[in-house]
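Here's the structure, in structure tokens; my notes come after.
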Amino acid sequence: MILVYIILFYLNCKKDVYGSPFPQRDLKNVHNMKSLIVIDACVRQSDSRTLRIAEPVIEALAQRYKITRYDLPELDIVPLNPGLFKERGQGEIPAWAKEAASAIAKADRILIAAPFWDMSFPAVLKCFFEQTSLFDITFTDNGKTCVGLCKAPKVLFITTRGMDISTGSEVEQATPYIKALSRLWNLGPLTTIAAQNMDYSTEHEIDEKIAAAVAEGTALARKW
Ligand SMILES: Cc1cc2nc3c(=O)[nH]c(=O)nc-3n(C[C@H](O)[C@H](O)[C@H](O)COP(=O)(O)O)c2cc1C
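Positions 8 to 231 (my numbering) are the ones given, in order, by the sequence shown.
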């Protein structure tokens, strides 16, 4: 009996270090899944209309992708200040930023959920990009210009806007910024799913707009 306990204990330790000692089809599939990075910049958290669209889309994508999620409002992310900038020059980069940048560089897909704030997106998202846009991780250079080191061929941006402003309007500055950063990092084409005029719609209209965006997002998730 004691021998059985010792063997079970050994197998359990081995599982923690090397993964399950028993062949399990589901686990194998998880390991083979492509990776998706979710960047959530929805500052209003559970009150967020943007998250009401993003969550079902993320749930649908979880069937096909192994997800690493960064919920920015829960993290203590600051802009690059003089201290951090000096440390970066000395090669000292916060461990979390290095890890997130490496995960982004390796990811197969990127999904960003952020509301429309001040004609763009909340500052915490810019701070996150500033901290994770790292030389020799997300981009490098070839002596003449910058070259992206990421590989995700597709990026999805989910947003809601208070005013009646459409994606592509010259005053909508979130989509163009994410496109520009995608160029620096070598990310593929961006799809934006948006609901607009949210602050000037009835509750019923808001629900309808959210339902339409969820339908668009979950349909996309099946083939994205
Ligand atoms: C700080 C702040 C700034 C905002 N700036 C804008 C803006 O510039 N243009 C706009 O159309 N709506 C703006 N809005 C309204 C939001 O875009 C809108 O309410 C959106 O649906 C909020 O998304 P959320 O519920 O995911 O937080 C702003 C809201 C907040 C709280």
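Note that the Cβ used here is the ideal one computed from N, Cα and C, for glycine as well.
- Residue side-chain check: G169 places its Cβ nearer than 8 Å to a non-hydrogen atom of ligand 1.
- Taking C-alpha positions only, A120 is separated from E137 by approximately 17 Å.
- Distances taken from the Cβ of T57 to the heavy atoms of ligand 1 include one shorter than 8 Å.
- For I172, the Cβ falls inside the 8 Å cut-off from some heavy atom of ligand 1.
- With a contact defined as Cβ atoms closer than 8 Å, T199 and F164 qualify at about 5 Å.
- With distances taken between CA atoms, E210 lies nearest to R56 out of R56, C49, S42.
- Not one heavy atom of ligand 1 lies closer than 8 Å to the C-beta of D115.
- Separation of the CB atoms of I144 and K93 is rounded to 19 Å, and the pair is thereby denied contact status at 8 Å.
- Annotated as distal: K73 and L118, with beta-carbon spacing of 9 Å or more.
- When only Cα atoms are considered, P63 and Q97 end up about 42 Å apart.
- Taking the CA atoms as reference points, E81 sits about 9 Å from Q52.
- Beta-bridge partners assigned by DSSP to I44: T75, I117.
- Taking the C-beta atoms as reference points, A67 is found no nearer than 9 Å to R168.
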